[in-house]
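Going down the list, the protein sequences come from chains A and B. Sequence positions in the first sequence follow the working numbering and run 1369 to 1664. Sequence positions in the second sequence follow the working numbering and run 1369 to 1664.
Protein chains: 2
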Amino acid sequence: MSDQTGDYLKRAKAGDVRALAKLLTALENEGPACLKRHPELLSPPNAAFRLGLTGPPGAGKSTLIGQLITRLRAKGLRVGILAVDPSSPFTQGAILGDRIRYTEHFSDEGVFIRSLGSRGSLGGLSSSAYLMVRAFDVAKFDVVLLETVGVGQTELEIMNVADLVAVTLVPESGDSIQAMKAGLLEIADLFVVNKGDRPGADAFVRELEAALHLDPRAPATPIPIVKTTATSGDGVDALVAKIEEERAGSEWKKKRASLERLKAEAKSLLRQKAEREIDARVSTVASANEFAQLFD
Amino acid sequence: MSDQTGDYLKRAKAGDVRALAKLLTALENEGPACLKRHPELLSPPNAAFRLGLTGPPGAGKSTLIGQLITRLRAKGLRVGILAVDPSSPFTQGAILGDRIRYTEHFSDEGVFIRSLGSRGSLGGLSSSAYLMVRAFDVAKFDVVLLETVGVGQTELEIMNVADLVAVTLVPESGDSIQAMKAGLLEIADLFVVNKGDRPGADAFVRELEAALHLDPRAPATPIPIVKTTATSGDGVDALVAKIEEERAGSEWKKKRASLERLKAEAKSLLRQKAEREIDARVSTVASANEFAQLFD
């Protein structure tokens, strides 16, 4: 199995997207052990910039991603998409049909989409996601878009994987306060207020600014807010500019190489490995006595 | 250490509450291994009925527990309290001072309170809670009240520990629908609508009944709803009657002895054991190379 993975790695590195597809599946099956077997995955020669997009269901994240793909492709960048949201239309390939296919920049080699369920029974980010983003690095992609649905543990973990976390909200009364409560403030590097053509959108942006200003947890430098209308494309250029500005810098590479990041990733990978082992072990228990034997 | 735990066990069984206090601490330190070392913990000769009380902060759970203690003590029952809610006033002993001390039935031996934080970093019920309820069994308590705050993983896990789960709500518009969303329906054996003296309380009870009736996940036999006003004690007798009715039956003993329960408990205990080991292991990582070594 390991040799085959090595073969997929080599071919994915040379630009073969079919091999990349197989590589992602192989990594999912192999689990974290692949990091030791394949040093290239551990320290990839290339780093794809990872944009995490999170937010409540219905905030228009998928439509926004469709717009981002079009624009990033127009710049000649190779874009990978990992949809960790099980309700994402990417799962059905809808966006691919709706928005990507007709752009003049679309090509098989330039856009690669993979959806994966959040596997951990405790609700964390699938350990496969941690491995797959590394595959996109090896395969020389420029940008990886990570789509998650903004509730719970997965969104906290996206911080450990993404280089820039964009929290997508819609202009609805009370939403900004909800965002604070849900802990989204702690993970947001950037807020995207989508559906910006709705009445009250500007008021919502001001309300969010005020809420951010008042929150004691907010950083000294205000978190940027970008207003978009994903359906028409309005404001998406400003979002792309933010991404490109960040990507041109070196901060994200430093952050990614930090020991803190590695440790967070290690914990998540090991926990999910342990969880699978425990589930398998416990499933065989058939009596109270066997139950006690588990705790040697 | 194990011998000392055995000594505490023996003394707690003989009614020594100071030994029980030490036993609980010893179990916390020893972890699940104690189940193998001390067969009495694994299959206790006595079973204390476990009432899980969960619900949003501010629903009046602690005041309600104060009232329950008074009434259960009046029946001569020994009552243990495990407060898993870190914001519970039991942590500060406030209820003990406010409500219990003056009752004629209060005695050191009859009421035992322990608060513990929810330890698992992934938000599950502390593995100590699983062990501590068994200690109350051994110490021949009649009832254990488990207080948790109604958000997240802890409340799902309370199902695996409690014999009867009472979800406490307050009459506020939209609360019943929120309860469904938060998954409280799946865990509720009983709803307590507290603050029943508020205007709109009766309307809220009807709204909740209707919501339960309409929900496709609701069981065929309607989930009972008890309206209480914990501050005055109104309705608490009806709640006690429900507890006593359930406790007199044998269903809860069957459920507790089921393999399904044991397996759920085993998974939780092993996960938290693994989590501690992983945290310790990862904390020593000092380079990307050492990181890879974790995944042998």
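Ideal Cβ placement from N, Cα and C applies to all residues, glycine included.
Apart from the five residues just before and just after residue i, which ones in its own chain have a Cβ nearer than 6 Å to its Cβ?
i         : result
Leu1464/A : Low local confidence applies: a pLDDT of 43 at Leu1464/A is under 50, so the model's placement there is unreliable, and no value is given.
Val1653/A : Phe1659
Ala1569/B : Pro1539
Gly1448/A : Phe1480, Phe1504, Phe1509, Val1512
Arg1566/B : Pro1539
Arg1379/B : Ala1387
Return the CA-CA distance between residue i and residue j, expressed in angstroms with no decimal places.
i         : j         : result
Ala1382/A : Gln1372/A : 15 Å
Thr1589/A : Gly1399/B : 45 Å
Pro1368/B : Glu1540/B : Given a span of 1369 to 1664 for chain B in the structure shown, any question on residue 1368/B remains unanswerable.
Glu1628/A : Ala1598/A : 35 Å
Gly1601/A : Phe1659/A : 58 Å
Ala1507/B : Leu1388/B : 7 Å
Ser1651/B : Ala1632/A : 10 Å
Glu1593/A : Val1560/A : For the sequence presented, residue 1593/A should be read as Ile rather than Glu. Those two C-alpha atoms are separated by around 6 Å.
Ile1591/B : Leu1558/B : 6 Å
Leu1537/A : Gly1444/B : 55 Å
Pro1587/A : Val1533/A : 15 Å
Ala1556/A : Ala1427/A : 15 Å
Arg1502/B : Glu1613/B : 22 Å
Glu1554/A : Ser1618/B : 48 Å
Ile1433/B : Leu1395/B : 25 Å
Gly1491/B : Gln1661/A : Below a pLDDT of 50, predicted positions are generally treated as unreliable, and Gly1491/B, at 46, falls in that range; the measurement from the model is reported next regardless. Cα to Cα, the separation comes out at about 26 Å.
Ala1648/B : Lys1390/B : 26 Å
Lys1621/B : Lys1622/A : 57 Å
Ala1578/B : Gln1640/B : 39 Å
Gln1435/A : Gly1478/A : 15 Å
Ser1655/A : Arg1644/B : 26 Å
Leu1499/B : Thr1431/B : 26 Å
Leu1630/B : Ser1636/B : 10 Å
Phe1663/A : Leu1392/B : 18 Å
Leu1582/A : Ile1437/B : 42 Å
Ala1571/A : Ile1611/B : 51 Å
Asn1657/B : Leu1576/B : 57 Å
Between residue i and chain B, is any beta-carbon pair separated by less than 7 Å?
i         : result
Leu1630/A : yes
Leu1395/A : no
Pro1400/A : yes
Ala1642/A : yes
Val1653/A : yes
Ala1497/A : no
Leu1410/A : yes
Leu1341/A : Here chain A has residues from 1369 to 1664 only, and residue 1341/A is not among them.
Phe1659/A : yes
Taking only beta-carbon positions, decide if residue i is within less than 7 Å of chain A.
i         : result
Phe1504/B : no
Arg1624/B : no
Ile1646/B : yes
Arg1639/B : yes
Val1517/B : no
Lys1404/B : yes
Lys1621/B : no
Val1650/B : yes
Leu1391/B : no
Leu1552/B : no
Lys1635/B : yes
Asp1375/B : no
Is the beta carbon of residue i sitting closer than 7 Å to the one on residue j?
i         : j         : result
Asp1505/B : Asn1562/B : no
Arg1446/A : Asp1510/A : yes
Ser1483/B : Ala1451/B : yes
Val1535/B : Leu1552/B : yes
Ile1646/A : Leu1403/B : no
Ser1642/B : Ala1642/A : Note on residue identity: the sequence assigns Ala, not Ser, to residue 1642/B. Yes, they are a contact pair.
Arg1615/A : Phe1417/A : yes
Residues in the same chain with beta-carbon distance under 7 Å from residue i, minus the five sequence neighbours each way, listed in chain order, please.
i         : result
His1406/B : Thr1373, Gly1374, Leu1377
Ile1526/A : Gly1420, Thr1422, Leu1493, Leu1514, Thr1516, Val1533, Ile1555
Gly1564/A : Lys1595, Thr1596, Thr1597, Asp1602, Gly1603
Lys1429/A : Leu1421, Gly1423, Glu1515, Thr1536
Take residue i and list the residues in its own chain whose beta-carbon comes closer than 8 Å to its own, dropping the five residues that flank it on each side.
i         : result
Arg1439/A : Val1604, Asp1605, Val1608
Ala1497/A : Leu1450, Val1452, Leu1484, Leu1514, Val1529
Gln1408/A : Correcting the residue identity first, residue 1408/A is Glu in this sequence and not Gln. Same-chain partners within the cutoff: Leu1377, Lys1381, Val1506.
Chain E partners of residue i, CB-CB under 9 Å?
i         : result
Ala1656/B : Checking the listed chains, one finds no chain E in this structure; the protein chains it contains are A and B.
For residue i, is the beta carbon positioned less than 6 Å from some heavy atom of the ligand ZN?
i         : result
Val1517/B : The model depicted lacks the ligand ZN and carries no ligand whatsoever.
- alpha helix (DSSP H) runs contained entirely in the stretch 1391–1442 of chain A, provided each spans 4 or more residues: Counting whole runs of 4 or more residues, the stretch 1391–1442 of chain A contains the alpha helix (DSSP H) stretches 1402–1405, 1407–1410, 1429–1442.
- Runs of alpha helix (DSSP H) lying entirely within the stretch 1614–1660 of chain A, each at least 4 residues, in chain order: Correct list: 1619–1625, 1627–1650.
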